[in-house]
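Novice: Have a look at the structure that comes next, please.
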Amino acid sequence: MPEALTLPPGLMIAAPRSGSGKTTVTLGLLRALVRRGLAVQPFKCGPDYIDPAFHAVAAARPSYNIDSWAMSFDRAADILSRSSNGANVVVCEALMGLFDGVSKAGAWGNGASADIAAKTGWPVILVLDVSGQSQTAAAAARGFQGFRDGVTIAGVILNRVGSPRHVRFASEALEAAGLPVVGALPRENNVVLPERHLGLVQAEETAEINARLEALADFIETHVDVGRLLQLAVPGSVAQGARPKIKPPAQRIALARDAAFSFVYPHLLEGWRAAGAEIIPFSPLADEAPDRESDLVWLPGGYPELHAGALANAGRFRSALTTFAQSRPVHGECGGYMALGAGLVDAEGQRHQMLGLLGLETSFANRKMNLGYRLAELVADCPLGGAGELLMGHEFHYASVLAAPDEPLFRLRNSDGEALSGGGSRRGHVTGSFFHFIDK
Numbered sequence: 185m186p187e188a189l190t191l192p193p194g195l196m197i198a199a200p201r202s203g204s205g206k207t208t209v210t211l212g213l214l215r216a217l218v219r220r221g222l223a224v225q226p227f228k229c230g231p232d233y234i235d236p237a238f239h240a241v242a243a244a245r246p247s248y249n250i251d252s253w254a255m256s257f258d259r260a261a262d263i264l265s266r267s268s269n270g271a272n273v274v275v276c277e278a279l280m281g282l283f284d285g286v287s288k289a290g291a292w293g294n295g296a297s298a299d300i301a302a303k304t305g306w307p308v309i310l311v312l313d314v315s316g317q318s319q320t321a322a323a324a325a326r327g328f329q330g331f332r333d334g335v336t337i338a339g340v341i342l343n344r345v346g347s348p349r350h351v352r353f354a355s356e357a358l359e360a361a362g363l364p365v366v367g368a369l370p371r372e373n374n375v376v377l378p379e380r381h382l383g384l385v386q387a388e389e390t391a392e393i394n395a396r397l398e399a400l401a402d403f404i405e406t407h408v409d410v411g412r413l414l415q416l417a418v419p420g421s422v423a424q425g426a427r428p429k430i431k432p433p434a435q436r437i438a439l440a441r442d443a444a445f446s447f448v449y450p451h452l453l454e455g456w457r458a459a460g461a462e463i464i465p466f467s468p469l470a471d472e473a474p475d476r477e478s479d480l481v482w483l484p485g486g487y488p489e490l491h492a493g494a495l496a497n498a499g500r501f502r503s504a505l506t507t508f509a510q511s512r513p514v515h516g517e518c519g520g521y522m523a524l525g526a527g528l529v530d531a532e533g534q535r536h537q538m539l540g541l542l543g544l545e546t547s548f549a550n551r552k553m554n555l556g557y558r559l560a561e562l563v564a565d566c567p568l569g570g571a572g573e574l575l576m577g578h579e580f581h582y583a584s585v586l587a588a589p590d591e592p593l594f595r596l597r598n599s600d601g602e603a604l605s606g607g608g609s610r611r612g613h614v615t616g617s618f619f620h621f622i623d624k
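Dropping the structure here:
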């Protein structure tokens, strides 16, 4: 029987749509709570690498993704309960609009942030961009109340407000609708979020990141009733069955880890280590060779297109990986997949030679967004599993594929069940794809 586990008091920061200010509120609130001496556990709904990277810096605690489409419920429950252990409060940032997801359910939901709010019982703080409106904001927010069973809207933070009169009009209408306003962020401010293209390693190493987070915390403390938010947080709960295990792709894993290769989900690394695997990081950008005693080289996603020249000139890395791939497996996800290919054309149209362990040719000269959940069936054994296994994950990149002559690694379907082309590549011991693995 599943066991009901109590979670710390928590809040979900959500909005009607992307661009409403969720991340500004989340990062500023995380740092403000840490400055009060609280242990704060951040989470991010859905598949995303960038926001959790900054969460982790703001909260001085790893941030974890929770996903209802691409992650089993037992996996999600395990992450929620284990990672929030010892926290005083939880802050969970929603993805897109609160109820936005795909049309067909996956593992236990359609990927909407509301799935997580409903399962945990954590109330929602709605961030409303009220530029160009006042009382109408209450009508929009009222639509969120009772839209879905188990999802409670506990309060509202107004964003991009103008005059005090603007704040009063919107606040009075919201209060009359039964929604307390706990903050109002001015339209004109000098607080700047960290550059959004930065990845996990960049968030850890950017010199000014803490100064910006401190400024965000000051901004939130000035314009939001943080004490009231803490009062609105309530303990959550989650039903957990047997703790699921993650089989590591090898016993000794050489993991590329630098500004070009930074996208790895924390729950995977923790699962690999918990299963006894050893992870040895190395930096291709520093022209480092992977550990020679490793059983596998893993090149994660990231931004090889921003560092294509440096990668093309990393002779020691190239030579060592070519030798390694003659006898042992090498796998690349997204950015790592592109680096394993024959060439990469950057945004300026210049082609850079990549490792050439696969025939893939990619280009950023004509950017094309590829985004969505993916169900991947392996057609051959590889570090991710055996032929016939089904994997859940997602794809998000802007590269155009110019050539992909190798045998495919997957049979891919999107969240609607439609068959897709572009099932990755395999050649000898080398495999790769744009698919980011989350769970199976």
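Quick note, in our numbering, the sequence shown goes up one by one and the last residue is 624. Yeah, the Cβ is synthetic: ideal placement off N, Cα and C, and Gly gets one too.
Look up L480 in the DSSP assignment and give the residues it is bridged to.
Specialist: I437
Novice: Distance, Cα to Cα, A216 vs E398?
Specialist: 8 Å
Novice: Return yes when the Cβ of D235 is within less than 8 Å of the Cβ of E277, no when it is not.
Specialist: yes
Novice: Could you tell me the distance, in whole angstroms, from the CA atom of Y233 to the CA atom of R441?
Specialist: 14 Å
Novice: Put L539 into one of helix, strand or coil per three-state DSSP.
Specialist: coil
Novice: Near I464, which residues of its chain fall below 8 Å by C-beta distance, leaving aside the five closest residues on each side in sequence?
Specialist: R436, I437, A438, L439, P474, D475, S478
Novice: Measuring alpha carbon to alpha carbon, tell me which residue in M538, V340, C518 is nearest E554.
Specialist: A small correction: the amino acid at residue 554 is Asn; Glu does not occupy that position in the sequence shown. Checking every option, the nearest Cα to that of N554 belongs to C518.
Novice: In the DSSP assignment, find the unbroken beta strand (DSSP E) run with H581 in it and report its ends.
Specialist: 574-581
Novice: Work out the CA separation of G327 and T320 for me, nearest whole Å.
Specialist: 11 Å
Novice: Taking just the CA atoms, how far does Q510 sit from A526?
Specialist: Roughly 17 Å between the two C-alpha positions.
Novice: Could you check what DSSP says for D299 in three-state terms: helix, strand or coil?
Specialist: helix
Novice: Taking a contact to mean a Cβ-Cβ separation below 8 Å, would you say R259 touches P428 in this structure?
Specialist: In contact: R259 and P428 (Cβ atoms closer than 8 Å).
Novice: Please name the residue in A461, L189, A354, D299 whose C-alpha comes closest to that of A323.
Specialist: A354
Novice: Would A587 pass as a contact of S609 if the rule is Cβ separation under 8 Å?
Specialist: no
Novice: For the alpha helix (DSSP H) holding T507, just list the boundary residues, first then last.
Specialist: 499-508
Novice: Are the beta-carbon atoms of R245 and P226 separated by less than 8 Å?
Specialist: yes
Novice: Give the DSSP-derived three-state secondary structure of F548 in the structure shown.
Specialist: coil
Novice: Between H350, P348, V340, R371, which lies nearest to E359 when the distance is taken from Cα to Cα?
Specialist: V340
Novice: State the beta-bridge partners of A560 as determined by DSSP.
Specialist: L575, L596
Novice: Roughly how many angstroms lie between the CA atoms of Q317 and V365, to the nearest whole one?
Specialist: 16 Å
Novice: Determine the direct distance from the alpha carbon of G290 to that of S605, and round the result to whole angstroms.
Specialist: 20 Å
Novice: Which partner residues of L342 appear in the DSSP bridge assignment?
Specialist: L312, A368
Novice: Could you give the residue range of the beta strand (DSSP E) that holds G305?
Specialist: Annotation for G305: no beta strand (DSSP E) segment contains it, and DSSP assigns it neither H nor E.
Novice: In terms of residues, what are the limits of the alpha helix (DSSP H) holding T336?
Specialist: Element bounds for T336: n/a, residue is neither H nor E.
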